[in-house]
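Heads up: the sequence shown at position 95 corresponds to 132 in the working numbering, and the numbers run straight through without jumps. Think of the CB as a built atom: it goes at the ideal place given N, C-alpha and C, for glycine as much as any other residue.
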Amino acid sequence: MQFSQRLQEIPPSGTVAISNLVNQMKGEGIDIISFSVGEPDFTTPQNIIDKCAESLKSGFTHYTPSMGIPELRKAIAEAVKAKNGIPCEAKNVLVTPTKQALFMIALAYLNPGDEVLLPDPSWVSYEAHIRMCGAVPKYVTTKFDDGFVIDPEKVAAAVTPKTKMMVINSPSNPTGCVQPESTLKGIADICREKDIMVMADEIYEHIVYDGAKHYSIAAMPDMFDRTITVSGLSKTYAMTGWRIGWMIAPEADIKAVNKLQSHSITCCTSFTQPAALEAIKGPQDDKKKMVAEFKKRRDLALDLISEIPGLECNVPGGAFYLFPKYDAKIASNDLAEKFLMEGHVAVTPGRAFGPAGEGFFRLSYAASESDIIEGLGRIKDIMRSL
Ligand code: PLP
38 MQFSQRLQEI PPSGTVAISN LVNQMKGEGI DIISFSVGEP DFTTPQNIID
88 KCAESLKSGF THYTPSMGIP ELRKAIAEAV KAKNGIPCEA KNVLVTPTKQ
138 ALFMIALAYL NPGDEVLLPD PSWVSYEAHI RMCGAVPKYV TTKFDDGFVI
188 DPEKVAAAVT PKTKMMVINS PSNPTGCVQP ESTLKGIADI CREKDIMVMA
238 DEIYEHIVYD GAKHYSIAAM PDMFDRTITV SGLSKTYAMT GWRIGWMIAP
288 EADIKAVNKL QSHSITCCTS FTQPAALEAI KGPQDDKKKM VAEFKKRRDL
338 ALDLISEIPG LECNVPGGAF YLFPKYDAKI ASNDLAEKFL MEGHVAVTPG
388 RAFGPAGEGF FRLSYAASES DIIEGLGRIK DIMRSL
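This is the structure in structure tokens:
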């Protein structure tokens, strides 16, 4: 059987490859400390679980409207309008797993040859989605010394007549950078002037520290009509396995993308939708506790990294990743392999996130304090030996 050109365009996911190797080693009884997973290690808050169980028991187990149950669409729109200032209503919401939203957006908007601007480094799946459509990723380099903040001048310089879309992910996976309002304003100016659409992935929007503020570019003047905002429950409420999130866009765009949804997954899982409503409208104490716990772990990991020779790290304002820079003549893939094979510590090589990720690795601190101490101790031993 012959694979399509589309499939041949995309490499396997770098992050999933590490997870598979980690699982295999764990299966062999090896004690691995994993800093490679992009998910909270907490359990979903009990009120959300209870609501899901209640839905199941009540027989809410059939197809729902393709765009999601009306009460949930309304609740998402209200929450996003109140927190982010995006001028949206229920008709602007499509309930769908976040990654599915990103995948459908690529399919819905990108033609072969279209160029998509994306920060370098950035999360692994954007490039795969772009390439799968025959479109071309155009990396806009961000720098460690600038805290990985995007430079709008570099964005402007990368624009060509073929530029169709700009991807923004704030707070960022892998750098944790929260893009300042002034940067987003600068990008918005360019997108308006050059008629470029924006895909804003805000899945880490609630996980911010030290007073850092997350801004939505769709809330800026005249940006709603050219922006698709994507977010979801996975990271905020420790619900990665539930596969539920949303995209926010003008109504015509929601209807258009829903054609893909209705011909692919039909709708999000039914019984998770009332639970999602509970997540959004119910008590938010667990969310706050999780963010406070992440901050403690971030600070612990940063302290430990500051004592490791050859490592330097920014203090990220959001998400749950550190992206340390290392001073050693070794490729990031080889360093990650060395950490795994010799130290039994899993990290993700920086190169998986784009060319500018070379010389870095990503460490997810969604891990227990004892694992952070032990794992960084092992990394310290290896760094000393380099
Ligand atoms: N966007 C970013 C930046 C992510 O890091 C992830 C998951 O790791 C996703 C989207 C996908 O989220 P979900 O698993 O909820 O589909």
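State buried or exposed for residue i, treating a residue as buried only when at least 16 other CB atoms are found within 10 Å of its CB.
i, result
"Val192", "buried"
"Tyr100", "exposed"
"Ser301", "exposed"
"Ala404", "buried"
"Val267", "buried"
"Met38", "exposed"
"Ser159", "buried"
"Gln45", "exposed"
"Thr98", "exposed"
"Gly64", "exposed"
Do residue i and residue j have their C-beta atoms within less than 9 Å of each other?
i, j, result
"Leu221", "Tyr252", "yes"
"Arg280", "Gln137", "yes"
"Phe79", "Ala275", "yes"
"Ile123", "Ala316", "no"
"Ser103", "Phe308", "no"
"Leu297", "Arg335", "no"
"Thr273", "Lys326", "no"
"Val204", "Tyr163", "yes"
"Gly387", "Ser369", "yes"
"Gly105", "Trp283", "yes"
In chain order, what residues of the same chain have a beta carbon less than 6 Å from the beta carbon of residue i, not counting five sequence neighbours either side?
i, result
"Asp408", "Ile70"
"Leu413", "Leu341"
"Leu377", "Ala383"
"Glu349", "Lys362"
"Gly319", "Asn84"
"Ala356", "Pro208, Asn210, Gly213, Tyr241, Ile244"
"Ile345", "Lys417, Met420"
"Lys118", "Cys125"
Please classify residue i: does DSSP put it in a helix, a strand, or coil?
i, result
"Phe72", "coil"
"Asp364", "coil"
"Val382", "strand"
"Ile410", "helix"
"Ile281", "coil"
Could you check where the alpha helix (DSSP H) with residue i kicks off and where it finishes?
i, result
"Ser92", "83–94"
"Leu44", "42–45"
"Pro107", "107–121"
"Asn295", "288–300"
"Val161", "161–169"
Taking 7 Å as the limit between beta carbons, can you name the residues of its chain near residue i, skipping five residues before and five after?
i, result
"Val74", "Ser56, Ser401, Ala403"
"Glu108", "Leu314"
Can you tell me where the beta strand (DSSP E) holding residue i begins and where it ends?
i, result
"Lys175", "173–178"
"Val235", "234–238"
"Asp157", "152–157"
"Lys201", "200–206"
"Arg335", "From DSSP, Arg335 is part of no beta strand (DSSP E) but of the alpha helix (DSSP H) over 322–343."
Closer than 8 Å by C-beta to residue i: which residues in its own chain qualify, once you throw out the five before and the five after it? Chain order, please.
i, result
"Glu288", "Lys128, Asn129"
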